[in-house]
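Here is the structure we will look at.
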Amino acid sequence: MNSTPFFVVKALFLLFHRIFSKKFRRTATAGVHQKYQKDPSPAKLSGGDGKVLIFTVEEALLKPSSPYFFSYFMLVAFEASGVIRATALLMSYPLIRLVGQEMGLKIMVMISFIGVKKDNFRIGSSVLGKFLMNDVGLEGFEAVKKGRKRIGFSNFFPQVMIESFLRDYLEVEEVVGRELKAFCGYFVGLMEPKVKASSLSHLIQEQQQEHEEQNGNLIGICGSQMGYDFQLLSSICNEIYTVSEADKKKWKTLPIDKLPKPLIFHDGRLALNPTPLDTLAVLTWLPFALVLVFIRIFAYICLPYNLCVPISAFSGMHLTVLIPVEKIKTNDNRGCLYVCNHRTLLDPLYISAALRIKNPLAVTYSLSPVSEFFSPIRTVRLTRNRDRDATLMKRLLSNDNLIICPEGTTCREPYLLRFSPLFSEISERIVPVANDTHVTMFYGTSASGFKCFDPFFFLMNPSPSYTIKKLGMVDGLFASHDDTNSAKFDVANWVQSEIGKALKFECTKLTRRDKYLILAGNEGIVH
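Taken in order, the sequence shown gives residues 1 to 527; the numbers are from UniProt numbering.
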């Protein structure tokens, strides 16, 4: 009887060893069919030009940052319903690992998607692209781009999670994934069966009929030769290349400059990749973050500047200020116009505090009543009527110093949107200010969420940082006789370029409308 515990422990050990050894066992291939390459690595793929290339997304392109690509489903869960759904998915993680990949996938899909409205689901196009881009392997991408036409398919990811990124940023012509079942316009958390050969054959026939090609131009890339995807491609392709897990561990991350199209806009609250451990850290941090937000807001609103700075620094906030040795010439009592790029709603607050601006006033196109209530400096809303807004700002400049963000919206990535030339006409003293932010957990901006919470999410980060760089003063057109359109745009473009050089950001001609059409499906106008 005394040996009973020993046998119980031994039985449990053998059970777990049997389960996990199947996942990590290296299976040797018995032989190579004549249609497969003797060296099956995609790195040896040659002659792909002019051919149709079919690849599995999760095996031929991505190097996973978490088991079973858990982090992508956590992003869907967190962005769709917040903390409750994310907590449920995290608590299910041990069960997901225990039951295996296929059943674990079903559990992740059920928790992440059930009850989510189908028509409003934009997480795949607005959120996941940023994180998918970080997991693309350089070697896999170089192999995939060799095909004249590329067809990406997945028996793991639902199509709504990967289609937008592959089409828009990697220029994959066709994407086939598992469809999600819906009822009355809402996802029910169930997937259709795996992709079949007939679905891929239909796309291939369309490609061949379009270019009048024969079946000899089909190349496939997948994972293990023992998997379902290999059997699927073997009935379609003339050549098949396989990718081993050992090879994927050696892959390098795809550099941003090698992307066919840069990713400028993305949405979502989470700034980190929510692996199981990082998700646990975020959920554990939330109660402390709420207390920290209250302390930081109280210090900024209620305490004088000399006390606010050390308390903010003690709470983990960082502020770097770079000011050139220059005095602003004042010939009259008119105020100065401070023009800055837009990173968060807190830009005017940080700039006014860092530069010690007297009588600061922030002008904005749209600001929630909550943000206006908590703002320690005065704010004025613009009307988007050019003449009316110009008259209003000229009047305000007679007594106050204005802070304006001519981009009209925030941008997270190192890019500058087009600067509206309106600011160049209303003042003869323009002070460009370059500012940048860094966060570790939460983004302080949102295109589709509640914008009134943006400052709170920024302040919930353990150690958020701001960098303020004051540049040399620029002469505006207020007292100038040159009121042509070209002069207005010249000043606006010059200020944009100087801020871009200071931050090492790339200047673009994109606007607020472009951002909201991509991320939210609207023009970003709040009525």
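Glycine is no exception: its CB is placed at the ideal position from the N, C-alpha and C atoms.
Whole-angstrom distance between residue j and residue i, CA atom to CA atom
i, j, result
"Val474", "Val495", "8 angstroms"
"Phe153", "Thr56", "5 angstroms"
"Arg178", "Gly189", "12 angstroms"
"Asn341", "Phe419", "9 angstroms"
"Tyr72", "Leu280", "15 angstroms"
"Met91", "Leu283", "12 angstroms"
"Pro260", "Asp168", "9 angstroms"
"Pro376", "Lys509", "33 angstroms"
"Tyr516", "Ser366", "14 angstroms"
"Asp247", "Ser81", "37 angstroms"
"Arg378", "Asp119", "39 angstroms"
"Phe183", "Asp347", "44 angstroms"
"Asp267", "Met226", "38 angstroms"
"Thr437", "Ala271", "12 angstroms"
"Gly137", "Gly316", "35 angstroms"
"Cys308", "Gly140", "50 angstroms"
"Ser164", "Ile264", "14 angstroms"
"Val293", "Phe456", "7 angstroms"
"Cys411", "Arg343", "6 angstroms"
"Glu523", "Asp514", "7 angstroms"
"Arg429", "Tyr305", "26 angstroms"
"Asn155", "Asn238", "21 angstroms"
"Lys252", "Asp135", "9 angstroms"
"residue 576", "Ile468", "Coverage of the chain is limited to positions 1 through 527, which leaves residue 576 absent and any answer about it impossible."
"Pro274", "Leu89", "11 angstroms"
"Ile107", "Leu392", "56 angstroms"
"Ile323", "Val431", "11 angstroms"
Collapsed DSSP secondary structure at residue i in the structure displayed
i, result
"Ile297", "helix"
"Gly185", "coil"
"Pro360", "strand"
"Gly177", "strand"
"Lys515", "helix"
"Pro158", "strand"
"Phe69", "helix"
"Arg334", "coil"
"Leu510", "coil"
"Phe419", "coil"
"Ser427", "coil"
"Leu62", "strand"
"Asn493", "helix"
"Pro369", "helix"
"Ile204", "helix"
Environment of residue i [buried if 16+ CB atoms lie within 10 Å]
i, result
"Thr320", "exposed"
"Leu519", "buried"
"Ala77", "buried"
"Ile162", "buried"
"Leu361", "buried"
"Met191", "buried"
"Ala28", "Because the pLDDT at Ala28 is just 30, under 50, the model does not fix this residue reliably, and the value given afterwards should be weighed accordingly. Exposed: under 16 other Cβ atoms inside 10 Å."
"Arg512", "buried"
"Phe24", "With a pLDDT of only 37 at Phe24, under the threshold of 50, the placement of this residue in the model should not be trusted; the figure read from the coordinates follows. Per the 10 Å Cβ criterion, exposed."
"Ala313", "exposed"
"Val339", "buried"
"Lys504", "exposed"
"Gly472", "exposed"
"Arg384", "exposed"
"Ser352", "buried"
"Gln159", "buried"
"Arg85", "buried"
Reference residue i, options the options, closest by Cα
i, options, result
"Thr364", "Ala354, Arg381, Asp257 and Lys358", "Arg381"
"Gly449", "Phe121, Glu102, Val109 and Met110", "Phe121"
"Glu174", "Arg150, Leu322, Ser497 and Gln159", "Arg150"
"Glu425", "Leu98, Phe489 and Ser224", "Phe489"
"Leu402", "Phe374, Ala60 and Leu349", "Leu349"
"Phe453", "Ile236, Glu372, Arg513 and Val160", "Glu372"
"Leu61", "Glu245, Ser234 and Tyr305", "Glu245"
"Arg97", "Ser463, Gly444 and Phe70", "Phe70"
"Met133", "Glu58, Glu102, Pro462 and Val109", "Glu58"
"Met74", "Lys358, Arg296, Asp389 and Ile123", "Ile123"
"Phe288", "Asn461, Asp257 and Phe374", "Asn461"
"Lys117", "Trp285, Leu180 and Glu142", "Leu180"
"Gly521", "Pro67, Ser126, Tyr68 and Leu322", "Ser126"
"Lys451", "Asp389, Gly408 and Val370", "Val370"
Nearest-angstrom Cβ-Cβ length linking residue i and residue j, presumed shorter than 8 angstroms
i, j, result
"Pro414", "Ala492", "So it is not a contact: roughly 20 angstroms between Cβ atoms."
"Leu416", "Ile499", "6 angstroms"
"residue 528", "Lys501", "There is simply no residue 528 to check, as the chain begins at 1 and stops at 527 in what is shown."
"Ala197", "Leu254", "In fact, because the Cβ distance is near 30 angstroms, the residues do not count as touching under 8 angstroms."
"Phe442", "Arg269", "5 angstroms"
heavy atom of the ligand FMN below 7 angstroms from residue i C-beta
i, result
"Lys194", "Ligands are entirely absent from the displayed structure, and the ligand FMN is therefore not among its contents."
Any chain D beta carbon closer than 8 angstroms to residue i
i, result
"Lys106", "Judged by its chain identifiers, the structure shown contains no chain D, having just a single protein chain."
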